[in-house]
Amino acid sequence: MTEEMLSDRIAGEPDDGFCARRGCAGDCDDGVSPSVFLPARIREKVHNHPCYSEEAHHRYARMHVAVAPACNIQCHYCNRKYDCSNESRPGVVSELLTPEGALRKMLAVATCIPKMTVVGIAGPGDALADPARTFETLRLLREARPDIRLCVSTNGLRLPEYVEELCKYGVEHVTITINCIDPGIGEGIYPWIFWKNRRIKGRKAASILIEQQQRGLRMLADKGVLVKVNSVMIPGVNDGHLEEVSRAIRAEGAFLHNIMPLIAEARHGTFYGVMERPEPSHEALRSLRERCAVSMNMMSHCRQCRADAVGMLGEDRGHEFSLEKLKPWRWEDSDFGLRANAHQH
Numbered sequence: 001m002t003e004e005m006l007s008d009r010i011a012g013e014p015d016d017g018f019c020a021r022r023g024c025a026g027d028c029d030d031g032v033s034p035s036v037f038l039p040a041r042i043r044e045k046v047h048n049h050p051c052y053s054e055e056a057h058h059r060y061a062r063m064h065v066a067v068a069p070a071c072n073i074q075c076h077y078c079n080r081k082y083d084c085s086n087e088s089r090p091g092v093v094s095e096l097l098t099p100e101g102a103l104r105k106m107l108a109v110a111t112c113i114p115k116m117t118v119v120g121i122a123g124p125g126d127a128l129a130d131p132a133r134t135f136e137t138l139r140l141l142r143e144a145r146p147d148i149r150l151c152v153s154t155n156g157l158r159l160p161e162y163v164e165e166l167c168k169y170g171v172e173h174v175t176i177t178i179n180c181i182d183p184g185i186g187e188g189i190y191p192w193i194f195w196k197n198r199r200i201k202g203r204k205a206a207s208i209l210i211e212q213q214q215r216g217l218r219m220l221a222d223k224g225v226l227v228k229v230n231s232v233m234i235p236g237v238n239d240g241h242l243e244e245v246s247r248a249i250r251a252e253g254a255f256l257h258n259i260m261p262l263i264a265e266a267r268h269g270t271f272y273g274v275m276e277r278p279e280p281s282h283e284a285l286r287s288l289r290e291r292c293a294v295s296m297n298m299m300s301h302c303r304q305c306r307a308d309a310v311g312m313l314g315e316d317r318g319h320e321f322s323l324e325k326l327k328p329w330r331w332e333d334s335d336f337g338l339r340a341n342a343h344q345h
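Here you go:
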């Protein structure tokens, strides 16, 4: 990790204030923006990315395109749903998109929400489990709107294979979900992974996943990609281990650590939900984030968005942009289509 990365880990310090006056749904810092302390290169990458900058989430919108249905690992806290409009959590979407559908939706959203600066692929499965769909989507989006930031979320299992291709399409922000660095803990979170055409279980599966995650993180950091690490706080499983995770990911070059509370409602159908694994209290989550902030820059404004979220954080407008509602919308009539037609003629 470079000296610059070590010294510039300040995009979203722990918060104590409430920013309702700015229309935000959650707790946010109201003091001096920490981004003023970042070097210009880093500041340019985060100033309008609402997930990487606490300040930016008050001003800019994002959207997720649900083009990645497959997943190559199973997590005890996850149950993917592809046609659900009633739940607001990761892994849930109302409809799946083709790469062409993602492009169409992005152009419509960009026309209606000019402050939309980021398009991400965050599921409902893993972005790199079906790389052909993901990279075709990135190609189409990059060609149509080179000004919009592209980002990808992944469990990291196949990340080292695709670092070069991610950089090829100008992906400067990658989120890796890392819940542990100890295979003994990992085998209690991941019942299996699908690796090299085989389903692998237990400690061996966790060991392979952890090794791939750390390797991918190092490779991205060496390329100058800003890496956010998501970790799910699971009481009784990894809550006493996440401080160690925070120190480890900082050493490998991560820019930001986002510790999220376990969502374990039985109605969601997850293993932890059915087994009545308790969710962490707000105070326990806050305390853990504060302890981890000693060694790592922490994100504290995450809304645990759906994989098809659209709009400002905490204000999902995805229902406004279903494929059915986009049928009357014509790309040729948008600002981008008109400019493209004018350029061609």
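Residue numbers for the sequence shown follow our numbering, so the first one is 1 and each next one is one higher. Note that beta-carbon positions come from the ideal geometry of N, C-alpha and C, so glycine has one too. None of these values were measured; they are calculated from a predicted model.
I need the boundaries of the beta strand (DSSP E) containing residue i, first residue and last residue.
| i | result |
| --- | --- |
| Arg-149 | 149–154 |
| Pro-61 | Here residue 61 turns out to be Ala, not Pro, going by the sequence shown. Ala-61 -> beta strand (DSSP E) spans 61–64. |
Sorry if obvious, but does the Cβ on residue i come closer than 7 Å to a heavy atom of the ligand ZN?
| i | result |
| --- | --- |
| Tyr-162 | Absence of the ligand ZN from the depicted structure is noted, as is the absence of any ligand whatsoever, leaving it without description. |
What residue from the options has the CA that sits closest to residue i's CA?
| i | options | result |
| --- | --- | --- |
| Ile-189 | Trp-195, Cys-180, Ala-110, Gly-216 | Cys-180 |
| Arg-247 | Ser-281, Ser-231, Ala-127, Leu-107 | Ser-231 |
| Val-237 | Cys-75, Glu-95, Arg-198 | Cys-75 |
| Ala-365 | Leu-323, Ala-307, Glu-315 | Residue 365 lies beyond the residue range present for the chain, which begins at 1 and ends at 345; the question has no answer from this structure. |
| Asn-297 | Val-310, Ile-249, Arg-62, Thr-117 | Ile-249 |
| Lys-45 | Val-171, Glu-136, Leu-166 | Val-171 |
| His-173 | Arg-59, Met-63, Leu-220 | Leu-220 |
| Gly-269 | Asn-79, Cys-51, Ile-42 | Asn-79 |
In three-state DSSP terms, what is residue i?
| i | result |
| --- | --- |
| His-173 | strand |
| Lys-223 | coil |
| Gly-123 | coil |
| Pro-261 | strand |
| Ile-234 | coil |
| Ile-185 | helix |
| Thr-137 | helix |
| Lys-115 | coil |
| Val-294 | coil |
Using the rule of at least 16 other Cβ atoms within 10 Å of the residue's Cβ for burial, across every protein chain shown, is residue i buried or exposed?
| i | result |
| --- | --- |
| Met-164 | For the sequence presented, residue 164 should be read as Glu rather than Met. Glu-164 is exposed by the Cβ-count criterion. |
| Asp-30 | For Asp-30, the predicted model reports a pLDDT of 36, less than 50, meaning its position is unreliable; a value from the coordinates is still stated below. It counts as exposed. |
| Lys-168 | exposed |
| Glu-252 | buried |
| Arg-289 | buried |
| Glu-143 | exposed |
| Asn-72 | buried |
| Met-63 | buried |
| His-257 | buried |
| Ser-287 | exposed |
What first and last residue would you give for the alpha helix (DSSP H) that runs through residue i?
| i | result |
| --- | --- |
| Lys-196 | No alpha helix (DSSP H) holds Lys-196; DSSP gives it neither H nor E. |
| Met-106 | 99–112 |
| Ser-281 | Segment: none, Ser-281 is in no alpha helix (DSSP H) and carries neither H nor E. |
| Ile-178 | No alpha helix (DSSP H) contains Ile-178, which DSSP labels as neither H nor E. |
| Gly-273 | 271–274 |
| Pro-160 | 159–168 |
Among all the DSSP beta bridges, which residues are the ones paired with residue i?
| i | result |
| --- | --- |
| Ala-68 | Pro-124 |
| Gln-74 | Trp-192 |
| Lys-325 | Lys-325 pairs with nothing; no bridge assigned. |
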